[in-house]
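*Asks:*
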Amino acid sequence: MIRHKLFALFAAVAGIVAISACTHAVSREASLPSWHPQELATGRVDCSECHEDRVRGVVKPFASFSHSPIFVKEHRYYAGQDDRLCATCHKRSFCNDCHANELEIKPSIMHGDRPDRELIHRGDYLTRHQVDGKIDPTSCYRCHGRTNNEQCVACHRR
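FYI, the numbering for the sequence shown is -25 to -1, 1 to 133, going by mature numbering (1 follows the signal peptide of the UniProt record, and there is no 0).
(1) Sorted by chain position, which residues of the same chain lie with C-beta nearer than 6 Å to Phe69's C-beta, five sequence neighbours on each side aside?
(2) Determine the direct distance from the alpha carbon of Val(-13) to that of His(-2), and round the result to whole angstroms.
(3) In its own chain, which residues sit with a C-beta less than 6 Å from the C-beta of Cys115, not counting the 5 before and 5 after it?
(4) By DSSP, does His(-2) sit in helix, in strand, or in coil?
(5) Can you round the beta-carbon distance between Glu34 and Cys25 to whole angstroms, since I take them to be within the 8 Å contact cut?
(6) Opposite Val34 in the DSSP bridges: which residues?
(7) Is the separation between the beta-carbon of Phe40 and that of Cys64 shorter than 8 Å?
Laid out in structure tokens, this is it:
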């Protein structure tokens, strides 16, 4: 009987020590910095996709992250899901270098999750849009497409 109590006590102490050791090992794992996308970490199985040294958080050299021409062409699907994925490596100015000067992003794509942002025109714009349309019709085409689209044809019949 004493042997059973002694064994139970020993097992309990060993269990507590084991749990404490595991908890200590887990807590020694470095937590993610505030700028690191938390959701990205939970979705990744392998931190070494981006990091050379996982413990110290050393990121691989830039040359390791080469984006293929297909990726560059289709990157909107990644950026549209969560722009923090791109922000892990790129500053906002990186996007603006192309999208402000070479290929403008349609507001409906850039703000697809914000319906309030899609209405970029002032309330009285319908009465004024013909002026802008005559000065630079391509400014309308960027967002609305060509003049034979549904939005134009609804009012403008030829």
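Even for Gly, the Cβ is constructed at its ideal location relative to N, Cα and C.
*Replies:* Working from what's here:
(1) Residue 69 sits at position 94 when you count from the first residue of the sequence shown. Closer than 6 Å at Cβ, skipping near neighbours: no residue.
(2) For this step, residue -2 is matched to residue 24 along the sequence shown. For this step, residue -13 is matched to residue 13 along the sequence shown. With a pLDDT of 49 at His(-2), under the threshold of 50, the predicted position of this residue should be treated as unreliable, though the coordinate-derived value follows. Rounded to whole angstroms, His(-2) to Val(-13) spans 16 Å at the Cα level.
(3) Working through the sequence shown from its first residue, we reach residue 115 at position 140. So the list reads Gly108, once near-sequence residues are dropped.
(4) Numbered from 1 along the sequence shown, position 24 holds the residue referred to as residue -2. With a pLDDT of 49 at His(-2), under the threshold of 50, the predicted position of this residue should be treated as unreliable, though the coordinate-derived value follows. DSSP places His(-2) in helix when its eight states are reduced to three.
(5) Reading the sequence shown from its first residue, position 59 is the one you call residue 34. Reading the sequence shown from its first residue, position 50 is the one you call residue 25. Correcting the residue identity first, residue 34 is Val in this sequence and not Glu. Contact flag correct, Cβ pair sits at about 6 Å.
(6) Here the question's residue 34 lines up with position 59 in the sequence shown. The partner list for Val34 (beta bridge, DSSP) reads His26.
(7) Against the sequence shown, residue 40 aligns to sequence position 65. Against the sequence shown, residue 64 aligns to sequence position 89. The beta carbons of Phe40 and Cys64 sit closer together than 8 Å.
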